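There are 2 protein chains.
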Amino acid sequence: MSQTPKQSAERSVPTSADVARLAGVSRATVSYVLNNTSSVRISEPTRRRVREAAEELGYVPHAAARSLRAGHTRMVLLPAATFSLGPLFHEFFNELQWALRRLDYTVVQYGSLGLDGDEAARAWAELRPVAVVSLGEVGLTPQGVETLKRSGAKAVISLAPRRVEGAHSLVMDQSEVGSCAVTHLIQRGRRDIGVVIPGEAGLEHFSEPRFEGARRAGAAGRARIEPLPLSYDEESASALASSWRGLGLDAVYAYNDDYAMLLMRALQEEGIDIPGQTAVIGADDLLLGRLLRPRLSTVHIDMVTGRLLAEIVDRVVRDPGDHLEIRDLMGARAVHRESS
Amino acid sequence: MSQTPKQSAERSVPTSADVARLAGVSRATVSYVLNNTSSVRISEPTRRRVREAAEELGYVPHAAARSLRAGHTRMVLLPAATFSLGPLFHEFFNELQWALRRLDYTVVQYGSLGLDGDEAARAWAELRPVAVVSLGEVGLTPQGVETLKRSGAKAVISLAPRRVEGAHSLVMDQSEVGSCAVTHLIQRGRRDIGVVIPGEAGLEHFSEPRFEGARRAGAAGRARIEPLPLSYDEESASALASSWRGLGLDAVYAYNDDYAMLLMRALQEEGIDIPGQTAVIGADDLLLGRLLRPRLSTVHIDMVTGRLLAEIVDRVVRDPGDHLEIRDLMGARAVHRESS
DNA sequence: TTGAAAGCGGTACCAC
DNA sequence: GTGGTACCGCTTTCAA
């Protein structure tokens, strides 16, 4: 106490040297014991002394020092979504994290809100992650990928709707969703189809490909496709609904179930019969869609399992030369209920 | 190419020494230039040469090396939710991250799925975060807090419903939500009140305090409170609904709007009049709750702004002695619509 | 079985 | 103005 006045207030962080001193051994021995290094034999009494000393001091190894020495990390960086992607992605994320941890990776989500693609890539690269798995919330550019790889990332994997030069692209083709929805509507005999474009920022990476797929299916089926901007609030929905009759549409694909439910209710308030006058279909197959009347038709999405993706990450990390290219990470199929 | 055979395959990560070599200066100079160190004057030509060299090599500083030298990081670690907390928390999270970045912190979410409180605290401590802000998804124990502080964390802030010894607890009192809901039902003349307990794992940290608040309000208002386990799927809801008449309840507080919508629909299918025979109230004021008929009554929650919390984090980091204790981070008020 | 020491990448003090 | 260099905490080779 008299030695270091500030000790109690801000006692310094214990290091392996402190553990060594307390146990009466060298730092090397501490390292061997705490890492269970198998290539070296340490006597049981020594091990016990070291462990007790570490315990007593509350020693926690310094990850930065360790990885600095090792020359690499086991960190997998996931750019964090800046918005809610819904329960589907959330479950996928959890699964991925869990599976990666089992493979002994440290999983970290890096919030990149307000950074553009290249700034973000630099920020991530400073942490020297061994892998980056992007769902496409922040635009990953070819330069960004180059930055990451140059900084030691073995795997840069993009699940974005669009391929990114240099990255291992596991194309999760969102356009399939829009295509499915519109094809379904056409099969139900509709020809004038509105497609909702969410007004919320950050959703473009999903909504654009979905719209593109819708347009493609519309062209193939000789249907008219009409883009319909819509914000996720009641005012926007009722504004759109009140102008509905003038649009001459007999069906609408509403981006996802949330938007579909919102719009369907607004159309009903306007006295428009669903599906008689207008068919409605959403996407993502939310439970709540089954609770409205009529029950909401939707596009069900089968996501790749997190476990599978974790294995892919691990494989690419171990052999970066392996230029695999996996498609069909996502299956999409229309589910007909009552609204279409 | 002939110099280093593996160059293209795995050229090594450029360091400040490489930049120095290319620019023909010392590592010290590189550091001064790239950090704009104001205490030292570097000539403009030198600065340019250094910057160009860094650019050419694609140099990105190594965060671990930097923080090792500095003795501290600017990392704020947020234990990542293992489940979806809904749009309310999501927005709060985004705001917090954005505000912390503006204060020059690096925000990182650490996925802790499958780790218990103390394991998780150790894992976090290895990264030497300067602050940890927990929403209570993973149990923060007093030992965990101690581990973090000993490892150099200046601020350990808990937004959990329960206070945690040693941490700066910013109590976000979820019990207020349950209490509001039940008080509202009692005011509407109900006396036999069911309270839904979600079956989903990971929600206990929220559902238990909400139930506790409900019980408290029930006792105060001389109402009977009946716990009702319910999983988030249609089977579970219709099973509960089919046994409803035997339960003798005239109202139900259904944890949140999602569960409320699910249960309300199941009750309607069973021919039970809402709110005539049974009043229903949810919580979180989701937009979708207004789309069902009758419109769902709910408890609206006013969250603390992320900006405010970021400022609190910053203050505690700068002055860890500041033992502030803020309450009322969350306001809750019942919103009467048609279902109650 | 254990210890001494080099070195990972960056920073900052001190000398020139 | 710029360079030399010690040091942050940890791992690992080599020697004892």
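Residue numbers (UniProt numbering), protein chains in the order written: chain B, 1 to 340; chain L, 1 to 340.
A virtual CB, placed ideally from N, CA and C, is assigned to each residue, including glycine.
Since the model is a prediction, treat every value here as computed from it, not as a measurement.
Here Leu22(L) really is in contact with Glu56(L); their C-beta atoms are around 7 Å apart, less than 8 Å.
Look at Gly114(L): its C-beta is under 8 Å from a C-beta on chain B.
Comparing alpha carbon positions, the residue from Arg293(L), Ala201(L), Gly189(L), Val195(L) closest to Ser175(L) is Val195(L).
For Pro61(B), the residues of chain L that pass the 7 Å Cβ criterion are Glu126, in the order they occur in the chain. Identification of residues in the stretch 181-203 of chain B having a C-beta nearer than 7 Å to some C-beta of chain L yields an empty set. Gln268(B) counts as buried, since at least 16 other C-beta atoms from the protein chains shown sit within 10 angstroms of its C-beta. Look at the stretch 224-294 of chain L and you find these whole runs of alpha helix (DSSP H), each 4 residues long or longer: 234-242, 244-247, 257-269. Judged by beta-carbon spacing, Ala241(B) lies within the 8 Å limit of Glu270(B), meaning their Cβ atoms are closer than that value. Secondary structure at Thr183(B): helix, using DSSP grouped into helix, strand and coil. Within 7 Å of the CB of Arg101(L), the CB atoms of chain B belong to Gly114, in sequence order along the chain. Taking Thr278(B) as the centre and dropping the five residues before and after it, the same chain places the C-beta of Trp244, Leu249, Asp250, Ala251, Val252, Leu267, Ile272 closer than 8 Å to its C-beta, in chain order. Take Ser238(B), set aside five residues on each side of it, and the residues of its chain with a beta-carbon closer than 8 Å to its own are Ala266, Glu269, Glu270, in chain order. When C-alpha distances from Leu286(B) are compared across Asp233(L), Glu91(L), Arg49(L), the shortest belongs to Asp233(L). In the same chain as Gly144(B), and ignoring 5 residues on each side of it, the C-beta atoms closer than 6 Å to its own belong to Gly117, Asp118, Ala121, in chain order.
Each residue's CA atom was taken as its position, placing His205(B) and Tyr105(B) some 28 Å apart. No Cβ-Cβ contact shorter than 8 Å links Asp257(B) with Gly213(B). Residue-level contact by beta carbon fails for Gly117(L) and chain B, as no gap is shorter than 8 Å. Spanning the alpha carbons of Thr37(B) and Ser26(B) requires a straight line of approximately 15 Å. With contacts defined as CB atoms closer than 8 Å, Ala310(B) and Ala99(B) qualify as a contacting pair. Residue range 204-220 is occupied by the alpha helix (DSSP H) that includes Ala220(B). The Cβ of Asn94(L) sits closer than 8 Å to at least one Cβ of chain B.
Pairing Val107(B) with Met303(B), the inter-Cα distance amounts to about 20 Å. Annotated three-state conformation of Thr141(L) is coil, per DSSP. For Arg188(B) and Pro61(L), the gap between their C-alpha atoms comes out near 58 Å. Contact between Arg307(L) and Glu91(L) does not hold, since their C-beta atoms are separated by about 12 Å, which reaches or exceeds 8 Å.
Interface with chain B (8 Å Cβ-Cβ cutoff): Gly111(L) is included. Judged by DSSP in its simplified three-state form, Val30(L) adopts helix. In this structure His184(L) is buried. Its beta-carbon is surrounded by 16 or more other beta-carbon atoms within 10 angstroms. CA-to-CA, the gap between Leu85(L) and Met261(B) works out to about 21 Å.
A residue is called buried once 16 or more other Cβ atoms fall within 10 Å of its Cβ, and Ala17(L), having fewer, is exposed. Rounded to whole angstroms, the gap between the alpha carbons of Leu140(B) and Pro161(B) is 11 Å. Just so you know, the alpha carbons of Leu148(B) and Arg66(L) end up roughly 18 Å apart. When the Cα atoms are used, Gly111(B) and Gly218(L) turn out to be separated by approximately 42 Å. In the three-state DSSP reduction, Thr46(L) falls in the helix class (H, G or I). Taking a Cβ-Cβ cut-off of 7 Å, Met303(B) has no neighbours in chain L, whose nearest Cβ is about 15 Å from it.
Beyond the five residues adjoining it in sequence on each side, Ser297(L) comes within less than 6 Å, by CB distance, of Ile281, His336, Arg337, Ser339, Ser340 in the same chain, given in chain order.
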